[in-house]
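Undergrad: For the record, in the sequence shown the residue sitting at position 223 is 223 according to our numbering, with numbers rising by one throughout.
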Amino acid sequence: GLLLLNWSGLKRMSTLEEICSGLLVEPLPENRGRNPGLPHAPTRTPHLTAAEERLALRNALRYFPPCHHATLAPEFAQELRQHGHIYMYRFCPPIAYPIHQYPCRTPQAAAIMLMIMNNLDPAVAQFPQELVTYGGNGQVFSNWAQFRLVMHYLSVMTEEQTLVLYSGHPMGLFPSLPSSPRAIITNGMVRPTPQKASLGSSLWFGFKASGLGLASGLGLWSGFRVDEAPIRKRHEQGWLMEMSSSLDHCIQRIREARAAKLPLSLGYHGNIVDLWERLVLEYQRSGELLVDLGSDQTSLHNPFSGGYYPVQLSFRQANQLMASSPGQFRTAVEESLKRHVAAIDTLAEAGMFFWDYGNAFLLEAQREGSGGATEFRYPSYVQHIMGDIFSLGFGPFRWVCTSCDPKDLEVTDQIAATVLEEIAVGVSEGVRQQYHDNIRWIREAGKHKMVVGSMARILYSDQKGRVCIALAINKAIADGRVSAPVVISRDHHDVSGTDSPFRETSNVYDGSAFCADMAVQNFVGDAFRGATWVSLHNGGGVGWGEVMNGGFGLVLDGSEEAAKRASLMLNWDVSNGVARRCWSGNSNAYETMERSMEAETQLRVTMPYAVEDQRVLDQALDQALD
1 GLLLLNWSGL
11 KRMSTLEEIC
21 SGLLVEPLPE
31 NRGRNPGLPH
41 APTRTPHLTA
51 AEERLALRNA
61 LRYFPPCHHA
71 TLAPEFAQEL
81 RQHGHIYMYR
91 FCPPIAYPIH
101 QYPCRTPQAA
111 AIMLMIMNNL
121 DPAVAQFPQE
131 LVTYGGNGQV
141 FSNWAQFRLV
151 MHYLSVMTEE
161 QTLVLYSGHP
171 MGLFPSLPSS
181 PRAIITNGMV
191 RPTPQKASLG
201 SSLWFGFKAS
211 GLGLASGLGL
221 WSGFRVDEAP
231 IRKRHEQGWL
241 MEMSSSLDHC
251 IQRIREARAA
261 KLPLSLGYHG
271 NIVDLWERLV
281 LEYQRSGELL
291 VDLGSDQTSL
301 HNPFSGGYYP
311 VQLSFRQANQ
321 LMASSPGQFR
331 TAVEESLKRH
341 VAAIDTLAEA
351 GMFFWDYGNA
361 FLLEAQREGS
371 GGATEFRYPS
381 YVQHIMGDIF
391 SLGFGPFRWV
401 CTSCDPKDLE
411 VTDQIAATVL
421 EEIAVGVSEG
431 VRQQYHDNIR
441 WIREAGKHKM
451 VVGSMARILY
461 SDQKGRVCIA
471 LAINKAIADG
481 RVSAPVVISR
491 DHHDVSGTDS
501 PFRETSNVYD
511 GSAFCADMAV
521 QNFVGDAFRG
531 ATWVSLHNGG
541 GVGWGEVMNG
551 GFGLVLDGSE
561 EAAKRASLML
571 NWDVSNGVAR
581 RCWSGNSNAY
591 ETMERSMEAE
601 TQLRVTMPYA
611 VEDQRVLDQA
621 LDQALD
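1. Name the DSSP bridge partner or partners of Ile116?
2. Determine the extent of the alpha helix (DSSP H) in which Gly387 is found, giving its start and end residues.
3. Using a Cβ-Cβ cut-off of 6 Å (strictly less than) and excluding sequence neighbours within five positions of Arg62, which residues of its own chain qualify?
4. Any idea which residues DSSP pairs Glu242 with across the strands?
5. For Thr15, which residues in the same chain have their Cβ closer than 8 Å to its Cβ, ignoring the five residues on either side in sequence?
6. Between the alpha carbons of Ser336 and Gln312, how many angstroms are there, rounded?
7. For Cys20, which of Pro36, Leu38, Cys67, Ala109 has the nearest alpha-carbon?
8. Output the distance between the C-alpha atoms of Met189 and Tyr166, rounded to the nearest integer angstrom.
9. Is DSSP giving Cys20 helix, strand or coil here?
10. For Leu536, does the three-state DSSP call read helix, strand or coil?
11. For Ala343, collect the residues of the same chain with a Cβ closer than 6 Å to its Cβ; drop the 5 residues on either side in sequence, then sort them by chain order.
12. Leaving aside the five residues before and after Asn588 along the sequence, list all residues of the same chain whose C-beta is less than 6 Å from its C-beta, in chain order.
13. Name, in chain order, the residues that DSSP records as bridge partners for Pro93.
14. Is the CB-CB distance between Asp499 and Gly395 below 9 Å?
15. Could you have a look at Asp618 and say whether DSSP puts it in helix, strand or coil?
16. Closer than 7 Å by C-beta to His235: which residues in its own chain qualify, once you throw out the five before and the five after it? Chain order, please.
17. If the criterion is Cβ atoms closer than 9 Å, does the pair Gln139 and Leu38 meet it?
18. Ignoring anything shorter than 4 residues, give me the alpha helix (DSSP H) runs that lie fully in the region 281–345, in order along the chain.
19. Who are Val605's beta bridge partners in DSSP?
20. By the DSSP assignment, the alpha helix (DSSP H) with Tyr153 in it spans what residues?
21. Considering just the uninterrupted stretch of the alpha helix (DSSP H) at Pro122, what are its terminal residues?
22. Could you pull out every residue in the same chain whose Cβ sits closer than 8 Å to the Cβ of Thr418, ignoring the five residues on either side in sequence?
23. Please go through the same chain and pick out, in chain order, the residues whose beta-carbon is closer than 6 Å to the beta-carbon of Arg580, but skip the five residues on each side of it.
24. Determine whether the beta carbon atoms of Pro74 and Gln619 lie at a separation below 9 Å.
25. If you draw a straight line from the alpha carbon of Ser8 to that of Glu30, how long is it in whole angstroms?
26. Tell me whether the beta-carbon of Ala416 lies closer than 9 Å to the beta-carbon of Ile469.
27. Roughly how many angstroms separate the alpha carbons of Ile116 and Phe91, rounded to a whole number?
28. Are the region 524–542 and the region 569–579 in contact at 8 Å, needing three or more beta carbon pairs?
29. For Ser222 and Trp544, I'd like the C-alpha separation in whole angstroms.
30. Which class does Asn507 belong to by DSSP, given the choice of helix, strand or coil?
31. Evaluate contact between the region 478–498 and the region 546–553, counting only Cβ atoms and requiring at least three cross-stretch pairs below 8 Å.
32. For the alpha helix (DSSP H) containing Ser512, list its first residue and its last residue.
33. Are the Cβ atoms of Gly306 and Thr298 separated by less than 9 Å?
34. Measure from the alpha carbon of Gly465 to the alpha carbon of each residue in Phe514, Lys447, Ile385, Ala566, then state which is nearest.
35. What's the gap between the Cα of Arg255 and the Cα of Thr45?
36. What's the gap between the Cα of Arg182 and the Cα of Trp144?
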């Protein structure tokens, strides 16, 4: 049968009560090392750099209080050097047990514990002390700390919680339904580098324009505005105050607006490289730096099929060459990118602050020969701005009034503003500032008449704000103040829904930025918590193979059931990403997760310990033998 339990010849060194108590470190268990009587996995050869070894050791120590780092760091460093992996042998138990002996609050959890122990039993596992059950490298967990934490979570889990496992790491217990899975496991999820998908949830309904400085794309993610139609459309919709195809006129208007300190949104119909190079020329001629902030929203996730138009060619010539001679078109793109980056570099050296939008501009420029091999000169704006905002739980929450009635949108705007004003009390300064900024936005949004398509709104909010707004809108539908159902969603560019090392997770510095567990977990977790639909995409906004996106839509119809689904699903949809960012070491996310656990007793997240004395890492690695 499947459940093979081996009891013979094994010494019971750990009881189930001890195993299920979590990572007991007072005192630390005896370090018995590797059992010479068991088969062991081959030595791995990860070829880590010195910095990567240091990061691996720091990551392993996250599971333990700093007071034990001096003891554990040398052991873990030695395991890394000698075996190519940190297994944490000190925390390895020796035996499997029948199901009725497992301490638990639900038999489903006991069954999961039994299966884990069975897979690690020496009678079943290929290399039990390395947690390899079969296949040479098929690990149940990455290390024994993860095993003990999982067993603890399962022993205290109720039937209204689900255990979330990111490639072996127990992220924690999250609220769910009795009918939900008790555990969701993702393994080996990475963004699939070998198009574009942000429309997959059918809720891409509006745009945000640049405020200061220079950026290409007009918020459309489709190249420089060499095509006049999109510029004219944005001008008619009010996003652009002026438009021009003359570089001379653009420079004149920039100078006039700067001198008068007047707001101006100006759309240039032409190739952005020409504009960048003209700004360089003006600087070289006069010493006047006309642009303070620069960015790029070019669609370089799709550089050779219309996402980027080389400066050497007209719009028509580029389209013709793209079809008739793709190789020549690619060469033209590569040459244009080098000019593009050279102009930006010149202005940046003069004092302009430039950041990457994360849409593969710097990635593609690097591939074509500009910049270094491993690091970008300019940060992603997620690294400098949005990452910490995401870690507070704030991101682009959306709703669409299905009645298409402007009155319904006005009512929902008022509801959202009132809700945020009520909850913006007793919070930290950083959170309060986010609330106040977005209260101002939602109070003034209607008068600017920037709605495109359906009666829809986008509002940056955190977990509590999203839940409270959704519940208030649902109540307004039930009361008749809103005439028809409202669909809620969010952008992929959010706290939890997207894994992309070049944008959404570019400020995740624990080595996991290339992993896609978060997006996949969001997709699955939203599905069984009540979403009306869910979507999972490869490639949205950053390029095929460079990103994974999970999205959802949920219909509020005024029913009690809709309220329950919205509350459960929205809490998960945000807290999943905050938990991941917390585990990576972000202090904003740590504080946010502490508040979330105080507010929701069913939420229990694995919190990281920081390495307080960095010398512990260096000393341990210096002492470790190869």
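A virtual CB, placed ideally from N, CA and C, is assigned to each residue, including glycine.
Every value quoted in this text rests on a predicted model; they were computed, and no experiment measured them.
TA: Once the coordinates are examined:
1. For the purposes of this step, residue 116 is taken as residue 116 along the sequence shown, with counting starting at 1. None, per the DSSP bridge assignment.
2. Start at 1 with the first residue of the sequence shown, and residue 387 comes out as number 387. Bounds of the alpha helix (DSSP H) holding Gly387 are 387–391.
3. Residue numbering aside, residue 62 sits at position 62 when the sequence shown is read from its first letter. Non-local beta-carbon contacts of Arg62 in its own chain, meaning distances under 6 Å to residues more than five positions away in sequence, involve Pro608, Tyr609 in chain order.
4. Here residue 242 corresponds to residue number 242 of the sequence shown, with the count starting at 1. Beta-bridge annotation (DSSP): Glu242 is paired with Leu266.
5. By one-based count along the sequence shown, residue 15 stands at place 15. So the list is empty, once near-sequence residues are dropped.
6. In the sequence shown, the residue the question calls residue 336 occupies position 336. In the sequence shown, the residue the question calls residue 312 occupies position 312. Using only the alpha carbons, I get a separation of about 7 Å.
7. Taking the first residue of the sequence shown as position 1, residue 20 is located at position 20. Looking at the Cα atoms, Ala109 is the closest of the given residues.
8. Looking up residue 189 in the sequence shown gives position 189. Looking up residue 166 in the sequence shown gives position 166. Cα-Cα distance, rounded: 9 Å.
9. Taking the sequence shown and counting its residues from 1, the one referred to as residue 20 is at position 20. In the structure shown, Cys20 sits in coil (DSSP, three-state: anything other than H, G, I, E or B).
10. To locate residue 536, count along the sequence shown from 1; it is residue 536. Of the three classes helix, strand and coil, the one that applies to Leu536 here is strand, per DSSP.
11. Stepping through the sequence shown from its first residue, residue 343 is reached at position 343. The beta carbon of Ala343 sits closer than 6 Å to those of Trp276, Glu277, Val280, all from its chain and outside the five residues before and after it, given in chain order.
12. On the sequence shown, residue 588 is found 588 positions in, with the first residue counted as 1. Cβ within range, chain order: Asp388, Ser391, Leu392.
13. On the sequence shown, position 93 is the one that residue 93 refers to. Pro93 is not bridged to any residue.
14. In the sequence shown, counting from the first residue as 1, residue 499 sits at position 499. In the sequence shown, counting from the first residue as 1, residue 395 sits at position 395. No, these two residues do not count as a Cβ contact at 9 Å.
15. Working through the sequence shown from its first residue, we reach residue 618 at position 618. It is helical.
16. Taking the first residue of the sequence shown as position 1, residue 235 is located at position 235. Counting only Cβ-Cβ distances below 7 Å, and skipping sequence neighbours, we find Met243, Gly267.
17. Mapped onto the sequence shown, residue 139 falls at position 139. Mapped onto the sequence shown, residue 38 falls at position 38. The Cβ atoms of Gln139 and Leu38 lie no closer than 9 Å to each other.
18. If only complete runs of 4 or more residues are kept, the region 281–345 shows the alpha helix (DSSP H) at 315–324, in order along the chain.
19. Locating residue 605 in the sequence shown gives position 605, where the first residue counts as 1. As computed with DSSP, Val605 is found in a beta bridge with Gly172.
20. In the sequence shown, residue 153 corresponds to position 153, counting from 1. In the DSSP annotation of this structure, the continuous segment of the alpha helix (DSSP H) that includes Tyr153 starts and ends at 144–156.
21. Numbered from 1 along the sequence shown, position 122 holds the residue referred to as residue 122. Counting along the chain, no alpha helix (DSSP H) covers Pro122, and no H or E run does either.
22. Position 418 of the sequence shown holds residue 418. By the criterion of a C-beta distance shorter than 8 Å, Thr418 is surrounded in its chain by Ala472, once the five residues flanking it on both sides are discounted.
23. Within the sequence shown, residue 580 is the residue found at index 580, counting from 1. Within its own chain, the residues whose Cβ lies closer than 6 Å to the Cβ of Arg580, once the five positions on either side in sequence are excluded, are Met518, listed in chain order.
24. Locating residue 74 in the sequence shown gives position 74, counting from the first residue. Locating residue 619 in the sequence shown gives position 619, counting from the first residue. Note that the C-beta distance between Pro74 and Gln619 is below 9 Å.
25. Locating residue 8 in the sequence shown gives position 8, counting from the first residue. Locating residue 30 in the sequence shown gives position 30, counting from the first residue. For Ser8, the predicted model reports a pLDDT of 33, less than 50, meaning its position is unreliable; a value from the coordinates is still stated below. Between Ser8 and Glu30, the C-alpha separation is close to 23 Å.
26. Position 416 of the sequence shown, counted from the start, is the residue given in the question as residue 416. Position 469 of the sequence shown, counted from the start, is the residue given in the question as residue 469. Taking 9 Å as the Cβ cut-off, Ala416 and Ile469 qualify as a contacting pair.
27. For the purposes of this step, residue 116 is identified with residue 116 of the sequence shown, where counting begins at 1. For the purposes of this step, residue 91 is identified with residue 91 of the sequence shown, where counting begins at 1. If I take the Cα positions, the gap works out to 15 Å.
28. Touching, per the Cβ criterion.
29. As a position in the sequence shown, residue 222 is number 222, starting the count at 1. As a position in the sequence shown, residue 544 is number 544, starting the count at 1. Any answer about Ser222 is weak, because its pLDDT of 32 lies below 50 and its placement is not dependable; what the coordinates show is given next. As the crow flies, the alpha-carbon of Ser222 is around 15 Å from that of Trp544.
30. As a first step, residue 507 is located in the sequence shown; it is residue number 507 there, counting from the start. Reduced to three states, the DSSP call for Asn507 is coil.
31. In this structure the region 478–498 touches the region 546–553; the number of beta carbon pairs closer than 8 Å is three or more.
32. Residue mapping note: residue 512 aligns to position 512 of the sequence shown, counting from 1. Judged by DSSP secondary structure, Ser512 falls outside any alpha helix (DSSP H); it is assigned neither H nor E.
33. Taking the sequence shown and counting its residues from 1, one reaches residue 306 at position 306. Taking the sequence shown and counting its residues from 1, one reaches residue 298 at position 298. It is not a contact, given that the beta carbons lie outside the stated cut-off.
34. Working through the sequence shown from its first residue, we reach residue 465 at position 465. When only C-alpha atoms are compared, the closest one is Ala566.
35. What you label residue 255 is simply residue 255 of the sequence shown in a count that begins at 1. What you label residue 45 is simply residue 45 of the sequence shown in a count that begins at 1. Cα-Cα distance, rounded: 59 Å.
36. On the sequence shown, residue 182 is found 182 positions in, with the first residue counted as 1. On the sequence shown, residue 144 is found 144 positions in, with the first residue counted as 1. If you draw a straight line from the Cα of Arg182 to the Cα of Trp144, it comes to about 21 Å.
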